[in-house]
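Q: Taken in order, these protein sequences are the chains called A and B.
Under the numbering used here, the first sequence has 35 at position 32, and the numbering climbs by one with no breaks.
Under the numbering used here, the second sequence has 132 at position 128, and the numbering climbs by one with no breaks.
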Amino acid sequence: MIHLPERDLPPRARDRVLRRAQRELRREVALKDAPVTRALARLETGTLGVLSACMLLWAGVVVVGAMLA
Amino acid sequence: MSDDGELVEGLRSGDPEALDACYERYRARLYGFVLRLGGQPELAEELVQETFVRLARHALRLRPDTHLRGFLFAVARNLWRSHLRWSWVDGTKLVELALGPTPVAASPHAELAASELEARFESAVLALPAPQREVLLLVVLEHLEPSEIARLLGLSAQAVRQRLARARAALRIALPDLALEGDAA
Chain A
4 MIHLPERDLP PRARDRVLRR AQRELRREVA LKDAPVTRAL ARLETGTLGV LSACMLLWAG
64 VVVVGAMLA
Chain B
5 MSDDGELVEG LRSGDPEALD ACYERYRARL YGFVLRLGGQ PELAEELVQE TFVRLARHAL
65 RLRPDTHLRG FLFAVARNLW RSHLRWSWVD GTKLVELALG PTPVAASPHA ELAASELEAR
125 FESAVLALPA PQREVLLLVV LEHLEPSEIA RLLGLSAQAV RQRLARARAA LRIALPDLAL
185 EGDAA
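1. Along chain B, in chain order, which residues have C-beta atoms closer than 8 Å to that of Pro38/A?
2. Let's see if you can read the secondary structure: which residues bound the alpha helix (DSSP H) around Leu12/A?
3. Pro68/B lies in the alpha helix (DSSP H); which residues open and close that run?
4. Does DSSP classify Glu49/B as helix, strand or coil?
5. Quick one: is Phe75/B near chain A, going by C-beta distance under 8 Å?
6. Beta-carbon separation of Leu51/B and Ala32/B under 8 Å?
7. Anything in chain A within Cβ reach of Ala60/B, meaning under 9 Å, just list it in chain order.
8. List, in order along the chain, the chain B residues whose C-beta lies closer than 8 Å to that of Val3/A?
9. Note down the Cα distance separating Ala48/B from Leu43/A, rounded to an integer number of angstroms.
10. Please work out which residues of its chain come closer than 8 Å, Cβ to Cβ, to Leu156/B, disregarding the five sequence neighbours upstream and downstream, and give them in chain order.
11. Assign Glu21/B to one of three DSSP states: helix, strand, or coil.
12. By how many angstroms is the C-alpha of Arg23/A removed from the C-alpha of Ala60/B?
13. Going straight from the alpha carbon of Leu174/B to that of Val39/A, what length do you get?
14. What residues of chain B sit near Ala42/A, judged by a beta carbon separation below 8 Å?
15. Answer with buried or exposed for Pro45/B, where buried requires no fewer than 16 other C-beta atoms within 10 angstroms of its C-beta.
16. Strictly below 7 Å CB to CB, what residues from chain B border Ala69/A?
17. What whole-angstrom Cβ distance do Glu13/B and Leu7/A have, given they're in contact under 8 Å?
18. Please list the partners that Gly36/B has in chain A, where partner means a Cβ-to-Cβ separation under 9 Å.
19. So which of Leu34/B, Thr70/B, Gly42/B, Gln53/B has the shortest CA-CA distance to Arg85/B?
Structure representation (structure tokens):
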């Protein structure tokens, strides 16, 4: 099979592309380390499920209450 | 960082050096792939950038057994496919398509080094239908097996072999003096 020569990004683009990707990685790391994200990560899926159910129940009570009032 | 497994570990922990190393290892390979898929240097540049941005966004959520090369080439190929789809609804892109792909730009050094056969091969590859082109490029550039390509592109191995056979047949007609891998078998 024929060998195709390597092509690379133009030199002017190389740093720019890497800087952009590094910025994105830093953003992801910062987001992961944010207190809210950490607190959410500590909650188990089950806990989140129970919390969601409670909120739905509460919303239901509010709606029904408003209709009856 | 010696292998992709270590790079994945580094990326999962958010290590910027792992991203640097990954970029060094795959930058040119991805660029060569998307450049030859679309034949447009500016588009290839944009797609390589978006591929690494996507990698950075998913870095912390990569699974430990992620096949890094497969991940990167699949993202690059999907981005290119997505660009193709959108180009049908973008009037300016329609003009580009009507004019056909611009020739692959090579550095002066590469132009000197490239033989006439290579140049003819590049043109013939660019003239192949997109599904055949992407499969052929993964064989020529990355030496991937049909089963690996199938996994990467979400196709059956049979479909990959079929596309490869059609691509080879088209190239044999375009370049009768070229020996293709697998011809001897």
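A virtual CB, placed ideally from N, CA and C, is assigned to each residue, including glycine.
A: The short version:
1. Ordered by position in chain B, no residue passes the 8 Å Cβ test against Pro38/A, which lies about 17 Å from the chain.
2. Careful: Leu12/A lies outside any alpha helix (DSSP H) and carries neither H nor E.
3. First-last for Pro68/B: undefined, no H or E at that position.
4. helix
5. no
6. Between Leu51/B and Ala32/B, the C-beta spacing is not below 8 Å.
7. Counting only Cβ-Cβ distances below 9 Å, Ala60/B has contacts in chain A at Arg23, Ala24, Gln25, Arg26, Glu27, Leu28, Arg29, Arg30, Glu31, in chain order.
8. No answer is possible for residue 3/A: it lies beyond the span of chain A, which begins at 4 and ends at 72.
9. In a straight line, the C-alpha of Ala48/B is about 39 Å away from that of Leu43/A.
10. Gly74, Phe77, Ala78, Arg81, Leu142, Leu148
11. Here Glu21/B carries a helix assignment [DSSP, helix/strand/coil].
12. 9 Å
13. In the sequence as displayed, the identity of residue 174/B is Ala instead of Leu. For Ala174/B and Val39/A, the gap between their C-alpha atoms comes out near 57 Å.
14. None at all; the shortest Cβ gap to chain B is about 17 Å.
15. Counting other Cβ atoms within 10 Å of its Cβ, Pro45/B reaches 16 or more and is therefore classed as buried.
16. In chain order: nothing, as chain B lies at least about 41 Å away.
17. Contact doesn't hold; Cβ gap of about 32 Å is too wide.
18. Leu7, Pro8, Glu9, Arg10, Asp11
19. Nearest of Leu34/B, Thr70/B, Gly42/B, Gln53/B to Arg85/B, Cα basis: Gly42/B.
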